[in-house]
Amino acid sequence: MADLAESLDRVARIQREWARERPDVDVRPQGVIGRLHRLGAYLTEELCVVYRRYGLGEGDFDVLATLRRAGAPFERAPGELAEHTMVTTGAMTKRVDRLERAGLVSRRASESDGRGRVVALTPQGRELIDRAFSEHMANERRLLAALTEEEAAHLESLLVKWLAATEGPHA
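Going by my numbering, the sequence shown opens with residue 439, and the numbers climb by one from there.
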């Protein structure tokens, strides 16, 4: 079975080819990085299937989810939204414009800052993100089903460690 899996694994094939052509270079990192890259692309596409079902793009889902996670009254300042989604304020403006046109968010003046604005979920936006999020989590469970609970927990701890080393502990 391992031979079959390896024969179908593009990363292993690429590593073998490089080992043949450049035996002086250690290609072992490709085993992890290459597979993570391929898996990341696959997972992104599988997650976007659910978002599209609700008429959302990946960024739209991210904004709505960020507002929903804020708790009642489900609103944040645009700068907070950008910080919680890790996109620029310019990109956030375009996302919010699109969501506002769709009736999923509204904008209003901030009560605490006369010059500031607040972006809030509309009732329609809250209902949509609640439905989409439930399906999103079911989809993530499906995508993790190839691993046991123990394997998933171990992988998560490794990813936490690796991510902390690359982004820092408070990223």
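For glycine and all other residues, C-beta sits at the position ideal for the given N, C-alpha and C.
The structure displayed is predicted, hence computed values, not measured ones.
Beta-bridge pairing of Arg546 - partner residues as DSSP gives them: Val556
Candidates Arg553, Pro561 and Leu477, of which the one nearest Pro511 by Cα: Pro561
Exposed unless 16 or more other CB atoms sit within 10 angstroms - verdict on Glu444: Only weak support is given to the placement of Glu444: the predicted model assigns it a pLDDT of 49, under 50, and the value that follows is read from those uncertain coordinates. When all chains shown are included, Glu444 counts as exposed.
Would you decide whether Leu442 is buried or exposed? Buried here means 16 or more other CB atoms lie within 10 Å of its CB. Residue placement at Leu442 is poorly supported in this model, since its pLDDT is 43, which falls under 50; the coordinates still yield a value, given next. It counts as exposed.
For the region 563-570 and the region 486-497, state whether three or more C-beta atom pairs, one from each stretch, are separated by less than 8 Å. yes
Which of helix, strand or coil does DSSP assign to Arg610? With the chain covering 439 to 609 only, the question about residue 610 has no answer from this structure.
With 16 as the cutoff for other CB atoms within 10 Å, does Arg533 come out buried or exposed? buried
Can you tell which of Thr504, Ala520, Asn577 and Glu521 has the C-alpha that lies nearest to the C-alpha of Leu481? Asn577
For Met439, I'd like the list of residues in its chain whose CB is within less than 7 Å of its CB, leaving aside the five on either flank, ordered along the chain. Below a pLDDT of 50, predicted positions are generally treated as unreliable, and Met439, at 42, falls in that range; the measurement from the model is reported next regardless. Hits under 7 Å: none found.
Sort Glu484, Arg546, Val488 and Gly478 by Cα distance to Glu573 and report the nearest one. Val488
Taking a contact to mean a Cβ-Cβ separation below 8 Å, would you say Leu585 touches Leu593 in this structure? yes
Among Arg507, Gln453 and Val470, whose alpha-carbon lies nearest the alpha-carbon of Val463? For the residues Arg507, Gln453 and Val470, the minimum Cα distance to Val463 belongs to Gln453.
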